[in-house]
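Just so you know, the sequences run in chain order A and B. No gaps in the numbering here: position 126 of the first sequence is 126 in the numbering used here, and each next residue is one more. No gaps in the numbering here: position 87 of the second sequence is 87 in the numbering used here, and each next residue is one more. Just so it is clear, CB atoms sit at the ideal spot from N, CA and C, and this is done for glycine as well. Read the structure below first, then the notes.
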Amino acid sequence: MEDLEASDLHPELKKVIRYGYDLFTNTQQLRGEYVFNDMNCSSCHLGEGRVPFSAPVWPAAVTLPDFRGKNQHVNNLEERIAGCFAYSMNGTPPEYGSDEMLALSAYHQWLATGAPMYPDKSIYGRGFPAPEQPETPSYARGEAAYQENCTICHQEDGSGHYENGEYVFPAPWGDGSNNWGAGIARVETMAGFIYQNMPLGQPRSLTGQQAWDIAYYINSQERPQGPRYTGDVAETAERFGPTFHNRSLYGQTREHDGHVLGDHANFGEKGDIQPWNVGMPRFENLSEE
Amino acid sequence: MKTSMWGRLSLLMGACLMASGSIAQEGDAERGEAASATCVACHQANGGGMNISGGESWPRLAGLNSNYIAKQLHDFKAGDRQNATMVTFANMLDDQQIADVAAYYSQLPATPGQGGDNADEALLARGEQLAERGDWNAYIVSCKSCHGPGGQGVGETFPGIAGQHAGYISAQLNAWKNDTRSNDPQNLMGAIAKRMSEEDIQAVSAWYATQPAAEWEATQ
Chain A
1 MEDLEASDLH PELKKVIRYG YDLFTNTQQL RGEYVFNDMN CSSCHLGEGR VPFSAPVWPA
61 AVTLPDFRGK NQHVNNLEER IAGCFAYSMN GTPPEYGSDE MLALSAYHQW LATGAPMYPD
121 KSIYGRGFPA PEQPETPSYA RGEAAYQENC TICHQEDGSG HYENGEYVFP APWGDGSNNW
181 GAGIARVETM AGFIYQNMPL GQPRSLTGQQ AWDIAYYINS QERPQGPRYT GDVAETAERF
241 GPTFHNRSLY GQTREHDGHV LGDHANFGEK GDIQPWNVGM PRFENLSEE
Chain B
1 MKTSMWGRLS LLMGACLMAS GSIAQEGDAE RGEAASATCV ACHQANGGGM NISGGESWPR
61 LAGLNSNYIA KQLHDFKAGD RQNATMVTFA NMLDDQQIAD VAAYYSQLPA TPGQGGDNAD
121 EALLARGEQL AERGDWNAYI VSCKSCHGPG GQGVGETFPG IAGQHAGYIS AQLNAWKNDT
181 RSNDPQNLMG AIAKRMSEED IQAVSAWYAT QPAAEWEATQ
């Protein structure tokens, strides 16, 4: 943030960017209004959203608007951020153009300072690139590797850790975590996050196989239902299979105990609040072209 | 047959206890006070320790998590944490006495950290930055991401560092950096310490020495 202070940007804009940074790193200040789980943006986007291989967020500012497979239409930056609120934060987004949304967008754009718009080369370190997968992931191996490498912070039951009521370690599954519709519910994405970023401070210290196994184990646990749930897990899994759930374990039967993943109507702390952005029709006047 | 089974079982249980690293023993603070007679020369009667500039600083134990203290004492005895002075004193304590002195020090009220008073503003600002936000350009994650908000400690694994003496914090960071201390779980501290410059180490040490340890630490 020192470069922000040193820049010639308007003081009012600096204030707004700082607010965006504050929302990004302490998203829990929106708990109960827009956020209904234990996550911050920076729980997954490490390094305040700018570190390579930790899904840096600034590429969104220079590659959007663009078509997005997940919701099958062209999204801009605000709509992309709104998606994070609906899925990763298990909440509902601040309105387009609201102070919160503008501040978050401004922070994204400021992080992208100097990067070319619609770059014609691929962006270094974008997303959570998954490692090679030598063998099919194994639940049992994943469980053992999770116990060995992750529980000190994230706990055996995946609930993360609060100390004296203050947030410390995020929950990899359960009601405190992202819902079934979040990108990281896909095993590949989780494997990439783990391999590139965990344990904290030791990127790429686990083998690719360990990362895949742990990801498979974590994503074989329950989490809040996704907001696109139709009331039937098989139907939901099928409808959003080609664009999303083919890479998650949603709707699949867990081998060791026969549990069908996502077969429930537990939406977590947000209860029956329906995120207003999900399923919102766009560009209907263009659909015939 | 029966006896050998029990023998094996207790061996197994012993191994499990050791492997889990947590010491089941209940400590008694009153007994701990009596057993702490050998500790006070350095750690002081109030458990506040002392910052010794240019020498080996004695850490404040007052208000630290009891299981954290107990683990350190066991590690000194087992050679998993090395310190010529401490190994002698730790060896005088049996498992029960370790639990007792740990319980005793954990319930003493935290005393202020020393050794940060002479740090200039720029050094403290760098220290605060590392403590609260880290320096991702050097892949140094913030201290608070494990040591918790305000560096007040998290559970029995991540000790409170706010209100610890600057000389002690910097000595430990340097020990991790130089591989002379490595009893942290999964190298979580070692990996970070190795990326810190001497200035970074001085900065966080001064910063946390000037921060108060929270009151609630003394009550756990």
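Here A:D66 carries a strand assignment [DSSP, helix/strand/coil]. Nearest to A:H264 by C-alpha distance, out of A:Y217, A:D22, A:H161, A:E235, is A:E235. With a threshold of 9 Å between beta carbons, A:L4 makes no contact with chain B.
Looking at the DSSP output, A:E163 bridges to A:E166.
Chain A has no Cβ within less than 9 Å of the Cβ of B:T180. Here the region 221 to 233 of chain A makes contact with the region 168 to 178 of chain A; the two share three or more CB pairs at distances below 8 Å.
For B:V154, there is no enclosing alpha helix (DSSP H), as DSSP marks it with neither H nor E. In its chain, beyond the 5 residues on either side, M101 have a beta carbon closer than 8 Å to the beta carbon of A:E95.
If the five residues before and after A:E156 are omitted, its C-beta is found closer than 8 Å to the C-beta atoms of Q147, all from its own chain and listed in chain order.
Checking the DSSP bridge columns, you'll see A:S248 partnered with A:R186. P199, L200, G201, Q202: these are the residues of the region 182 to 208 of chain A whose beta carbon lies less than 7 Å from some beta carbon of chain B, given in chain order. Beyond the five residues adjoining it in sequence on each side, B:Q25 comes within less than 7 Å, by CB distance, of D95, Q96, A99 in the same chain, given in chain order. Of the residues assessed, A:S98 falls on the exposed side of the cut-off, its CB having fewer than 16 other CB atoms within 10 angstroms.
The region 118 to 135 of chain B makes contact with the region 197 to 215 of chain B, as at least three CB pairs between them are under 8 Å. Annotation for B:N67: the continuous alpha helix (DSSP H) segment containing it runs 66 to 78. A distance below 6 Å between beta-carbons, with the five flanking residues on each side excluded, links A:A191 to the following residues of its chain, in chain order: A130, A211, W212, A215.
According to DSSP, A:T253 shares a beta bridge with A:V260. Every unbroken stretch of the beta strand (DSSP E) spanning 3 or more residues and falling wholly within the region 68 to 113 of chain A is given here in chain order: 73 to 75.
Closer than 9 Å to the CB of B:I201 there is not a single CB belonging to chain A.
Inclusion of A:A171 and A:G181 in the CB contact set at 9 Å is not warranted, their separation being larger than that value.
Excluding its 5 nearest sequence neighbours in each direction, A:F169 has C-beta neighbours in its own chain below 7 Å: C153, H154, G160, H161, listed in chain order. Cβ-Cβ distances below 6 Å link B:S57 to N51, H165, G167, Y168 in the same chain, with the five nearest sequence neighbours on each side left out; the list follows chain order. Straight across, the Cα-Cα distance linking A:D38 with A:G32 is about 11 Å. Within the DSSP secondary-structure output, B:I140 pairs in a beta bridge with B:D135. With a threshold of 9 Å between beta carbons, B:A162 makes no contact with chain A.
Counting the other CB atoms within 10 Å of its CB gives A:F283 a total below 16, which places it among the exposed residues.
Between the alpha carbons of B:G47 and B:A62 lies a distance of about 5 Å. With contacts defined as CB atoms closer than 9 Å, A:Y21 and A:Y107 qualify as a contacting pair. Contact between B:A35 and B:L108 is absent: CB atoms are separated by about 14 Å, not below the 8 Å threshold.
Around the CB of B:V40, fewer than 16 other CB atoms lie within 10 Å, so the residue is classed as exposed. Segment contact: the region 65 to 82 of chain A against the region 134 to 143 of chain A, fewer than three CB-CB distances shorter than 8 Å; contact not assigned. Counted as a single uninterrupted DSSP element, the alpha helix (DSSP H) harbouring A:T236 occupies residues 233 to 239. With the criterion set as a beta carbon lying under 9 Å from some beta carbon of chain A, the region 96 to 111 of chain B has no members that meet it. In chain order, P199, G201, Q202, S205 make up the part of chain A whose C-beta sits under 9 Å from the C-beta of B:N187. If you ignore the 5 residues before and after A:R80, its C-beta comes within less than 8 Å of the C-beta of A60, L64, R68, all in its own chain and listed in chain order.
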